[in-house]
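Chemist: Quick mapping for you: the protein sequence lines, in order, are chains H and L. Read in order, the letters of the first sequence are residues 1374 to 1539 in our numbering. Read in order, the letters of the second sequence are residues -9 to 91 in our numbering. Structure below; questions to follow.
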Amino acid sequence: MLEQSVVYLFVALVLIGGCMAAFSRQVLYAIIGLGISLLGLAGLFLSLGSPFVAAMQVLIYIGGITVAIVFAMMLSIAMSVRPPDPDVRKSMFAIGCAVVFFFAVAYLIRDTSFPQVASPASEKAWSVGALGHALLTHYNLVFETLSLVLLLAIIGAILIARKEKT
Amino acid sequence: MTLEAYLIVAAALFALGLIGAMSHRNLIALLIGIELMMNAASLNLMAFNRFVVADPTVGQIFVLIIIGLAAAEVAIFLSIILRLYRAYRDIDAEKLTELSG
């Protein structure tokens, strides 16, 4: 478990990055905001007691997905082009929807009493070894299906993005 | 932090993702909003995993699956973006209207 102040720092990273991603007009800044937000989220996973998922978050999301989005952006948008002027009505509508959603969910969370865990699991059950054991025994089908989905996604992405032979 | 605090953070992140996905016209900005929403869902799962569920591996495996599916989704999405850009020289969602009636 981490210090409380460090956890609040991670929360701040998540929200600041999210704001950058949601409100920035330049796509590159939005991607940087996404990266900051994901980094903070990895810290929150760490604070929830799961270093392996935090490491995967950093490796796959920040190291893989964010970088892939940057590549696609550079291949598809001229960097010098000014972004289109914001559609104020649409932005206001989006912000209104998000505010309504947030306060509705916050109200629900405040009014719900969640059951506390009866007997907290031992630290051993949180170890990477226990996770790997569960993935290869009880959740093996999920694991294999995910690998198949990733293979199909790679093949599909290559098929879609390749140049047509004329 | 308590379970409620984590859930509030996740709801705020989801709301920010919603703003990103609804207010932008650029396809890449839409994708970023969707990613933020998926991550808010993962944070919810991890928080419930810590505070409510007795077996700690379930939530972690859920989050790993979400990360893997997000990787697959992004690969497909980005290849579609590249294809669209090659065909139309633009990735503005409101200009890709060839199929609208």
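Each residue gets a CB set at the ideal place from its N, CA and C atoms; glycine is no exception. Note that this is a predicted model, so its numbers are computed, not measured.
1) Measure from the alpha carbon of I1435 of chain H to the alpha carbon of each residue in H:F1418, H:F1444 and H:L1407, then state which is nearest.
2) Quick one: list the residues of chain L neighbouring K1463 of chain H, beta-carbon separation under 8 Å, in chain order.
3) From this set, H:F1516, H:T1485, H:A1394 and H:P1459, which residue's C-alpha is nearest I1442 of chain H's C-alpha?
4) In terms of residue numbering, what span does the alpha helix (DSSP H) encompassing K1463 of chain H cover?
5) Could you tell me whether any Cβ in chain A is nearer than 8 Å to the Cβ of T47 of chain L?
6) Among the candidates H:M1446, H:L1411 and H:L1417, whose CA atom is the shortest distance from the CA of Y1381 of chain H?
7) Name, going along the chain, the residues of the region 1427 to 1446 of chain H whose beta-carbon falls closer than 7 Å to a beta-carbon of chain L.
8) Any chance the region 60 to 70 of chain L sits against the region 39 to 48 of chain L, with 3 or more Cβ pairs inside 8 Å?
9) Which residue or residues does DSSP assign as beta-bridge partners of D82 of chain L?
10) For H14 of chain L, is the classification buried or exposed, using 16 other Cβ atoms within 10 angstroms of its Cβ as the cut-off for buried?
11) Can you tell me which of the three DSSP states K1497 of chain H falls into?
12) Look at N34 of chain L and L6 of chain L and say whether their C-beta atoms are less than 8 Å apart.
13) Less than 8 Å between the beta carbons of I22 of chain L and I1404 of chain H, yes or no?
14) Using CA atoms only, rank isn't needed, just tell me which of H:L1414, H:S1495 and H:T1518 is closest to V1431 of chain H.
15) By Cβ distance, which residues of its chain are closer than 8 Å to M12 of chain L, with the 5 residues on each side in sequence left out?
16) Which residues, in order along the region 67 to 78 of chain L, keep a beta-carbon less than 7 Å from a beta-carbon of chain H?
17) Residues of chain L with CB under 8 Å from G1416 of chain H, in chain order?
18) Nearest chain H C-beta to E88 of chain L closer than 8 Å, yes or no?
19) Select from L:L8, L:F67, L:E(-6) and L:M36 the residue whose C-alpha is nearest the C-alpha of L26 of chain L.
Modeler: Let me lay it out:
1) In the first sequence, the residue the question calls residue 1435 of chain H occupies position 62. Checked all of H:F1418, H:F1444 and H:L1407; the closest Cα to I1435 of chain H is H:L1407.
2) For this step, residue 1463 of chain H is matched to residue 90 along the first sequence. By Cβ distance, chain L contributes M12 and S13.
3) On the first sequence, residue 1442 of chain H is found 69 positions in, with the first residue counted as 1. Selected option, being the one with the closest Cα: H:A1394.
4) Working through the first sequence from its first residue, we reach residue 1463 of chain H at position 90. Where K1463 of chain H is concerned, the enclosing alpha helix (DSSP H) starts and stops at V1461 to D1484.
5) The structure shown contains no chain A; its protein chains are H and L.
6) The count along the first sequence starts at 1 and reaches residue 1381 of chain H at position 8. Of the candidates H:M1446, H:L1411 and H:L1417, the residue whose Cα lies closest to the Cα of Y1381 of chain H is H:L1417.
7) Going along the region 1427 to 1446 of chain H in chain order, one finds M1429, Q1430, I1433, Y1434, G1437, I1438, A1441, I1442, A1445 and M1446 with a Cβ nearer than 7 Å to chain L.
8) Not touching, per the Cβ criterion.
9) Locating residue 82 of chain L in the second sequence gives position 92, counting from the first residue. Under DSSP, D82 of chain L shares a beta bridge with L:N16.
10) Within the second sequence, numbered from 1, the residue matching residue 14 of chain L stands at position 24. The residue in question, H14 of chain L, is buried, as its Cβ has 16 or more Cβ neighbours within 10 Å.
11) The sequence position of residue 1497 of chain H within the first sequence is 124, counting from 1. Annotated three-state conformation of K1497 of chain H is helix, per DSSP.
12) Taking the first residue of the second sequence as 1, we reach residue 34 of chain L at position 44. Taking the first residue of the second sequence as 1, we reach residue 6 of chain L at position 16. No, Cβ-Cβ distance for N34 of chain L and L6 of chain L is not below 8 Å.
13) Against the second sequence, residue 22 of chain L aligns to sequence position 32. Against the first sequence, residue 1404 of chain H aligns to sequence position 31. For I22 of chain L and I1404 of chain H, yes; Cβs fall inside 8 Å.
14) Counted from its first residue, the first sequence places residue 1431 of chain H at position 58. Measuring from the Cα of V1431 of chain H, the nearest candidate turns out to be H:L1414.
15) To locate residue 12 of chain L, count along the second sequence from 1; it is residue 22. Scanning its chain for C-beta atoms nearer than 8 Å, with the 5 sequence neighbours on each side dropped, one finds around M12 of chain L the residues G23, in chain order.
16) Interface annotation for the region 67 to 78 of chain L against chain H: L68, S69, I70, I71, L72, R73 and Y75, criterion Cβ-Cβ distance under 7 Å.
17) Numbered from 1 along the first sequence, position 43 holds the residue referred to as residue 1416 of chain H. Neighbours of G1416 of chain H on chain L: none; closest Cβ ~11 Å, over 8 Å.
18) On the second sequence, position 98 is the one that residue 88 of chain L refers to. It does not; no Cβ of chain H falls within 8 Å.
19) Here residue 26 of chain L refers to the residue found at position 36 of the second sequence. When only C-alpha atoms are compared, the closest one is L:L8.
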